[in-house]
Amino acid sequence: LRAGQRATPRTALVTQPSAGELRIVLSWGAAPADLDAFLWVPQGSGMYRVEPWQRGSLTRFPWALLHLQVARGLGPELIHVSRVQTGRSTFAVFNRSAHDSAGAPALAGSGAMVEVYDQDGFRGRFVAPASGSGTWWTVFYYIWPSRALAAVNTFGSLPLDAPPTVAVPAGNGMPAFRIGRTEVTNAQFRACVTAGVCLPPLTACNYDDVAYANHPVVCVTRDNARRYAQWVSGTLPTAAQWLRACQGGDRRVYPWGSQPPDTTRANYYPGTGPVGRAMAVGSYPAGASPYGAHDMAGNVAEYVEQDGTGGRLIAVRGGSFLRRSRYAACAESDQSSSAGGRDVGFRVVFAGP
1 LRAGQRATPR TALVTQPSAG ELRIVLSWGA APADLDAFLW VPQGSGMYRV
51 EPWQRGSLTR FPWALLHLQV ARGLGPELIH VSRVQTGRST FAVFNRSAHD
101 SAGAPALAGS GAMVEVYDQD GFRGRFVAPA SGSGTWWTVF YYIWPSRALA
151 AVNTFGSLPL DAPPTVAVPA GNGMPAFRIG RTEVTNAQFR ACVTAGVCLP
201 PLTACNYDDV AYANHPVVCV TRDNARRYAQ WVSGTLPTAA QWLRACQGGD
251 RRVYPWGSQP PDTTRANYYP GTGPVGRAMA VGSYPAGASP YGAHDMAGNV
301 AEYVEQDGTG GRLIAVRGGS FLRRSRYAAC AESDQSSSAG GRDVGFRVVF
351 AGP
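Counting from 1, one number per residue, gives the positions in the sequence shown under the working numbering.
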């Protein structure tokens, strides 16, 4: 949906939903220029999201569809749920313009509007709050089978299913940002693969073993890592962002300070854990950075948005269980092939405080 396409939702798009159905219409005025509708529906112990890149289906799970014609910008965005799932569904709006272009208009005070309809007819209208900041507007919860509609109506910087993050304050010539508290795990990456956005790792690398769900995903290319980052509305860190998150404001040598690495702080060669593999994320809390980011030294090396010195090599940071302790220093940079490896993973950066 593009600017100026402010239809009258009830007359233009919405017919009376049947029992167990839900219809959600997003419309807005002149700015921001591009907004996206997102719906998270319950799926077992987790959530599945319907969005422009994962439009869903009305005839099988998730029993919800972002209609094609409106996803292409031909009218207000409509999500039709043909069978509401038991539990709590969450609807949110993403300011795509602000993600794609610095200085784009904010959602606050924009007049963006969401209308909700179920078997009882028109249930409610939500207008973007007049003040606040963030690229995400979490609008409401819908709870089945009670059919309760609960307003949230708050702004934030992260989508519902983003990996946990820590805040890095402004400094060293860069604005504040958030960075993954840990490397992206197999379980987190699998959600992107299930969505059809990310490709599975190039080789197994324990990805399919449920015992490794909380281990960092490895054996992925940098392009595949970028797909995941974009899917959760973030980016891979630049080398400067990664360094600031690791060093903090005092430019320390290691995430924890100036003391050399030891087996309580990092997983590095010749190994502080089981030989030849990474450990579960967050296994070395004593090695956390000043801002609370774990495993920035050791475990697996991490992609940054920086190329290597030649050929197809790509810069990585942080060292790994296969790399000697000198690479655990924040300022050290190493290289990996563009295909990735079993000791290379990544974490994600998001804008905002």
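Glycine is no exception: its CB is placed at the ideal position from the N, C-alpha and C atoms. Given the structure is predicted, the values throughout are model-derived calculations rather than measurements.
If you drop the 5 nearest sequence neighbours on each side, which residues of the same chain put their C-beta closer than 6 angstroms to that of residue i?
i, result
"Gly132", "Ala108, Phe155"
"Gly292", "Val166"
"Arg23", "Val14, Pro17, His80, Tyr117"
"Gly298", "Ala266, Asn267, Tyr268, Gly319, Ala328"
"Gln85", "Val41, Pro42"
"Thr238", "Glu305"
"Gly282", "Thr182, His294"
In angstroms with no decimal places, state the Cα-to-Cα distance between residue i and residue j.
i, j, result
"Val168", "Asp223", "25 angstroms"
"Met47", "Cys330", "35 angstroms"
"Arg227", "Asp343", "19 angstroms"
"Gly171", "Pro353", "12 angstroms"
"Thr15", "Pro175", "46 angstroms"
"Ala162", "Val232", "6 angstroms"
"Gly341", "His294", "20 angstroms"
"Phe140", "Tyr269", "48 angstroms"
"Val213", "Gly345", "One point to set straight first is that residue 213 is Ala, not Val, in the sequence displayed. Whole-angstrom Cα-Cα distance: 14 angstroms."
"Ser337", "Ile314", "6 angstroms"
"Ser57", "Trp63", "5 angstroms"
"Gly249", "Ala240", "13 angstroms"
"Ser146", "Val93", "24 angstroms"
"Ser157", "Ser89", "20 angstroms"
Starting from the C-beta of residue i, find all residues in its chain whose C-beta is less than 7 angstroms away, skip the five residues before and the five after it, and write them out in chain order.
i, result
"Ser18", "Gln119"
"Cys246", "Pro255, Ser289, Met296, Cys330"
"Trp28", "Arg6, Leu35, Ser110, Gly111, Ala112, Met113"
"Arg72", "Because Arg72 carries a pLDDT of 47, less than 50, the predicted location of this residue cannot be relied on, and the following value inherits that uncertainty. Same-chain partners within the cutoff: there are none."
"Val184", "Pro163, Pro216, Val217, Tyr228, Gly345, Phe346, Arg347, Val348"
Could you tell me which of the options sits nearest to residue i, measuring between CA atoms?
i, options, result
"Trp136", "Val152, Ser336, Ile143, Ser146", "Val152"
"Ala37", "Ser45, Gln43, Leu26", "Leu26"
"Thr138", "Arg147, Thr221, Phe126, Val218", "Phe126"
"Arg96", "Thr238, Ala278, Glu51", "Glu51"
"Arg49", "Val114, Gly103, Ala204, Leu160", "Leu160"
"Ala286", "Pro260, Ser101, Val304", "Pro260"
"Tyr284", "Trp63, Asp262, Ala128", "Asp262"
"Ser325", "Val304, Val253, Glu305, Ala351", "Val253"
"Gly234", "Ile179, His215, Leu66, Ile143", "Ile179"
"Thr203", "Cys219, Val184, Arg251", "Cys219"
"Ala229", "Asn186, Arg323, Cys198, Ala280", "Cys198"
"Trp144", "Pro76, Arg317, Gly87, Glu21", "Gly87"
"Ser101", "Leu66, Ala33, Asp208", "Ala33"
"Gly196", "Arg55, Tyr303, Ala187", "Arg55"
"Trp53", "Val193, Gly44, Gly121", "Val193"
Let me know the secondary structure DSSP gives residue i once reduced to three states.
i, result
"Gln230", "helix"
"Gly319", "coil"
"His99", "helix"
"Asp223", "helix"
"Leu22", "strand"
"Arg251", "coil"
"Gly243", "According to the sequence as given, residue 243 is Leu; it is not Gly. In the structure shown, Leu243 sits in a helix (DSSP, three-state: H, G or I)."
"Gly287", "helix"
"Arg326", "helix"
"Glu332", "coil"
"Thr90", "strand"
"Arg342", "coil"
"Arg277", "coil"
"Phe126", "strand"
"Arg49", "strand"
"Tyr268", "coil"
Taking 8 angstroms as the limit between beta carbons, can you name the residues of its chain near residue i, skipping five residues before and five after?
i, result
"Arg244", "Val168, Gly171, Asn172, Met174"
Does residue i get closer than 9 angstroms to chain B when you measure Cβ to Cβ?
i, result
"Arg277", "Of the protein chains in this structure there is only one, and it is not chain B."
Q. Which ranges would you report for the beta strand (DSSP E) in the segment 145-216 if only whole runs of at least 3 residues count?
A. 148-156, 165-168, 177-180
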